[in-house]
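S.K.: Input: one structure, supplied below.
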Amino acid sequence: MINEAYKAMLGGKSVIRELSEYATVRGAEIGYENVFDYSLGNPSVPCPQSFTDEMIALYQGAEPVALHGYSPSLGIDSVRAAIAESLNRRFDMDYTADYIFPTTGAAGALAHALRVVTKPGDEVITFAPYFPEYQPYVNGTGAHLTVVPADTESFQINFEAFEQVLNPGTAAVLINTPNNPSGAVYSAETLTRLAEVLRAKQVEYGHDIFLISDEPYREIVFDGGVQPYPSKFYDNTLSCYSYSKSLSLPGERIGYVAVNPRATDAELIVPMCGQVSRETGHNCPGSSVQLAVAKVVDETSDLSVYEKNMNLLYDALVRLGFDVVRPGGTFYIFPKALEEDANAFCMKAKDYDLILVPSDSFGVPGYFRMAYCINTEKVERSIAALEKFVHEVYGR
Numbered sequence: 001m002i003n004e005a006y007k008a009m010l011g012g013k014s015v016i017r018e019l020s021e022y023a024t025v026r027g028a029e030i031g032y033e034n035v036f037d038y039s040l041g042n043p044s045v046p047c048p049q050s051f052t053d054e055m056i057a058l059y060q061g062a063e064p065v066a067l068h069g070y071s072p073s074l075g076i077d078s079v080r081a082a083i084a085e086s087l088n089r090r091f092d093m094d095y096t097a098d099y100i101f102p103t104t105g106a107a108g109a110l111a112h113a114l115r116v117v118t119k120p121g122d123e124v125i126t127f128a129p130y131f132p133e134y135q136p137y138v139n140g141t142g143a144h145l146t147v148v149p150a151d152t153e154s155f156q157i158n159f160e161a162f163e164q165v166l167n168p169g170t171a172a173v174l175i176n177t178p179n180n181p182s183g184a185v186y187s188a189e190t191l192t193r194l195a196e197v198l199r200a201k202q203v204e205y206g207h208d209i210f211l212i213s214d215e216p217y218r219e220i221v222f223d224g225g226v227q228p229y230p231s232k233f234y235d236n237t238l239s240c241y242s243y244s245k246s247l248s249l250p251g252e253r254i255g256y257v258a259v260n261p262r263a264t265d266a267e268l269i270v271p272m273c274g275q276v277s278r279e280t281g282h283n284c285p286g287s288s289v290q291l292a293v294a295k296v297v298d299e300t301s302d303l304s305v306y307e308k309n310m311n312l313l314y315d316a317l318v319r320l321g322f323d324v325v326r327p328g329g330t331f332y333i334f335p336k337a338l339e340e341d342a343n344a345f346c347m348k349a350k351d352y353d354l355i356l357v358p359s360d361s362f363g364v365p366g367y368f369r370m371a372y373c374i375n376t377e378k379v380e381r382s383i384a385a386l387e388k389f390v391h392e393v394y395g396r
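All residue numbers for the sequence shown refer to full-length UniProt numbering, where the first residue is 1 and numbers rise by one.
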């Protein structure tokens with residue numbers, strides 16, 4: 001008999017993926033260049049040439065049996081050391097290789113982090129708007145996800161609502177900064193207050209509360225700013241990272257969990273991740289991609305196009321009368337729809353070949369997400385379509 005739980009999930013496909021598939025079909029009809037596809041967060045800039053060069057050098061020069069052999073179950077030691085040293089340089093941390101666990105992207109990192117700090121029946125709290133896949137990520141552990149309503153004025157944390165939902169069953173808090181879908185960058189003030197609340201609740205409840213920090217957009221920050229590093233604020237932090245965005249390597253599925261060395265039982269968490277791998281069949285990323293990433297661990301793709309695209313869209317949206325918070329990073333913008341029903345709004349936009357993602361699955365009704373990781377020239381052309389849509393449908 002097949003698993004009924006997974007069978008039931010077939011009826012709940014990702015809205016984002018469905019819209020992306022529609023855009024592909026529509027593109028075959030009218031030319032994809034004429035479809036303004038803001039659905040999928042797939043990086044639009046190439047990876048650095050240095051990464052390609054490292055991969056080529058490995059395949060040309062490394063001993064094949066060694067290169068293509070199994071990675072150690074906890075990752076390649078030299079790769080783990082290189083990641084630790086990079087984080088220490090950048091964020092004044094004190095990681096060693098023993099606190100780094102390579103994973104298949106940020107999703108793999110979250111799958112491991114959630115399992116090592118929760119048990120079935122525990123509660124994980126996150127903040128709207130949030131990445132919709134957090135629901136199956138958490139549900140798959142046997143824990144359950146509680147979503148704190150959004151602060152739509154700034155998309156920082158709604159602390160009043162957060163403190164109301166915290167309870168003795170809370171085992172972990174899951175944050176995503178810079179945030180998908182809002183583009184908000186949690187400030188030092190936000191992270192300081194979050195840490196203060198969690199430390200107080202740990203004392204009150206008599207058990208640890210771990211902070212799981214989902215950070216794949218860490219390097220995409222605008223206006224010359226930086227994302228404050230959450231592990232600097234709170235000891236019981238597990239940082240979950242992916243090189244998908246910083247190095248434009250989504251298909252390589254390479255990331256890591258970084259365990260704050262001051263966390264409770266920190267020295268046990270990476271070995272426990274290895275045990276999670278046995279249960280889930282994870283078994284580490286490929287050896288060659290680990291080795292290549294370690295050589296370019298401080299580099300990024302040219303990420304400047306995302307800020308340029310954001311400014312173009314933000315200015316156009318404001319000019320057209322949208323209520324929108326200016327993103328501090330990522331390649332997403334999250335305006336309020338021009339009617340209460342965001343799904344209806346986005347369906348009407350499809351008639352103008354604007355593919356927008358309604359906000360309901362992000363936990364905030366009445367908004368929509370635009371993933372502007374597309375060519376700037378296409379962003380510029382899409383503005384005319386957006387103007388026509390808003391004028392003809394909403395009289396603006």
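No residue lacks a Cβ here, since even glycine has one placed at the ideal position from N, Cα and C.
Going by the CB atoms, is the gap between P46 and S246 shorter than 8 Å?
M.R.: Mapped onto the sequence shown, residue 246 falls at position 246. Mapped onto the sequence shown, residue 46 falls at position 46. Going by C-beta atoms, S246 is not nearer than 8 Å to P46.
S.K.: Under DSSP, the beta strand (DSSP E) around E196 begins and ends at which residues?
M.R.: Here residue 196 is taken as the residue at index 196 of the sequence shown, counted from 1. No beta strand (DSSP E) holds E196; the alpha helix (DSSP H) holding it covers 188 to 205.
S.K.: If the criterion is Cβ atoms closer than 8 Å, does the pair I76 and Q290 meet it?
M.R.: The count along the sequence shown starts at 1 and reaches residue 76 at position 76. The count along the sequence shown starts at 1 and reaches residue 290 at position 290. Result yes, Cβ atoms of I76 and Q290 sit closer than 8 Å.
S.K.: Is it the case that the Cβ atoms of V148 and N158 are separated by a distance below 8 Å?
M.R.: Your numbering for residue 148 matches position 148 in the sequence shown. Your numbering for residue 158 matches position 158 in the sequence shown. For V148 and N158, yes; Cβs fall inside 8 Å.
S.K.: Go to R218, then tell me how far its beta strand (DSSP E) extends in each direction, as first and last residue.
M.R.: Position 218 of the sequence shown, counting from 1, holds the residue named residue 218. No beta strand (DSSP E) holds R218; DSSP gives it neither H nor E.
S.K.: Short check: CB of G328 to CB of F222, under 8 Å?
M.R.: For the purposes of this step, residue 328 is identified with residue 328 of the sequence shown, where counting begins at 1. For the purposes of this step, residue 222 is identified with residue 222 of the sequence shown, where counting begins at 1. Yes, these two residues count as a Cβ contact at 8 Å.
S.K.: Out of curiosity, what's the CA-to-CA distance linking I383 and S182?
M.R.: Walking along the sequence shown from the start, residue 383 turns up at place 383. Walking along the sequence shown from the start, residue 182 turns up at place 182. Distance between the alpha carbons of I383 and S182 is about 20 Å.
S.K.: By a C-beta neighbour count over all protein chains shown, 10 Å radius and 16 as the cutoff for buried, is N179 buried or exposed?
M.R.: Along the sequence shown, one-based indexing puts residue 179 at 179. Counting Cβ neighbours within 10 Å, N179 comes out buried, since at least 16 surround it.
S.K.: Can you give the Cα-Cα distance for P129 and A97, rounded to whole angstroms?
M.R.: As a working note, residue 129 is residue 129 in the sequence shown. As a working note, residue 97 is residue 97 in the sequence shown. The alpha-carbon atoms of P129 and A97 are separated by roughly 33 Å.
S.K.: Assuming G108 is part of the alpha helix (DSSP H), what are its boundary residues?
M.R.: Your numbering for residue 108 matches position 108 in the sequence shown. G108 -> alpha helix (DSSP H) spans 105 to 117.
S.K.: For Y241, which residues does DSSP report across the bridge?
M.R.: Translated into the one-based positions of the sequence shown, residue 241 becomes position 241. Y241 is bridged to Y256.
S.K.: Using three-state DSSP, classify S144 as helix, strand or coil.
M.R.: Reading the sequence shown from its first residue, position 144 is the one you call residue 144. Note on identity: in this sequence residue 144 is His, with Ser being the wrong assignment. Here H144 sits in strand by DSSP.
S.K.: Measure the alpha-carbon distance for T146 versus S14 and round it to whole angstroms.
M.R.: Start at 1 with the first residue of the sequence shown, and residue 146 comes out as number 146. Start at 1 with the first residue of the sequence shown, and residue 14 comes out as number 14. Rounded to whole angstroms, T146 to S14 spans 20 Å at the Cα level.
S.K.: Give me the Cα-Cα distance between R369 and Y38, rounded to the nearest whole angstrom.
M.R.: For the purposes of this step, residue 369 is identified with residue 369 of the sequence shown, where counting begins at 1. For the purposes of this step, residue 38 is identified with residue 38 of the sequence shown, where counting begins at 1. About 8 Å.
S.K.: Could you give the residue range of the alpha helix (DSSP H) that holds F159?
M.R.: Taking the first residue of the sequence shown as 1, we reach residue 159 at position 159. 159 to 165 is the span of the alpha helix (DSSP H), which, as asked, contains F159.
S.K.: May I ask which residues mark the beginning and end of the alpha helix (DSSP H) holding I125?
M.R.: On the sequence shown, position 125 is the one that residue 125 refers to. Careful: I125 lies outside any alpha helix (DSSP H), inside the beta strand (DSSP E) at 123 to 127.
S.K.: Determine the DSSP secondary structure at V173, reduced to helix, strand or coil.
M.R.: Taking the first residue of the sequence shown as position 1, residue 173 is located at position 173. Correct three-state label for V173: strand.
S.K.: Just curious, the beta strand (DSSP E) that A371 is in, first and last residue?
M.R.: Walking along the sequence shown from the start, residue 371 turns up at place 371. A371 -> beta strand (DSSP E) spans 368 to 371.
S.K.: Could you check how far apart the C-beta atoms of F101 and V270 are, in whole angstroms? I think they sit under 8 Å.
M.R.: As a working mapping, residue 101 is identified with position 101 in the sequence shown. As a working mapping, residue 270 is identified with position 270 in the sequence shown. Yes, they are in contact, since the Cβ atoms of F101 and V270 sit about 5 Å apart, within 8 Å.
S.K.: Going along the chain, which unbroken runs of the alpha helix (DSSP H) with 4 or more residues stay wholly within the segment 303 to 384?
M.R.: Whole alpha helix (DSSP H) segments, 4+ residues: 304 to 319, 342 to 350.
S.K.: Within a Cβ cutoff of 8 Å, which residues of the same chain sit near V379, ignoring the five residues on either side of it in sequence?
M.R.: Taking the sequence shown and counting its residues from 1, one reaches residue 379 at position 379. Taken in chain order, the residues that qualify are N309, L312, L313, Y372.
S.K.: Tell me, please, which residues DSSP counts as bridged to L211.
M.R.: Translated into positions along the sequence shown, residue 211 becomes position 211. Beta-bridge pairing links L211 to V173, T237.
S.K.: Less than 8 Å between the C-beta atoms of L114 and Y137, yes or no?
M.R.: Start at 1 with the first residue of the sequence shown, and residue 114 comes out as number 114. Start at 1 with the first residue of the sequence shown, and residue 137 comes out as number 137. It is a contact, given that the beta carbons lie within the stated cut-off.
S.K.: Residues in its own chain within less than 6 Å of I254 by CB, not counting five upstream and five downstream?
M.R.: Locating residue 254 in the sequence shown gives position 254, where the first residue counts as 1. Once the five neighbours on either side are set aside, the close Cβ partners of I254 are Y243, P285, V289, V293.
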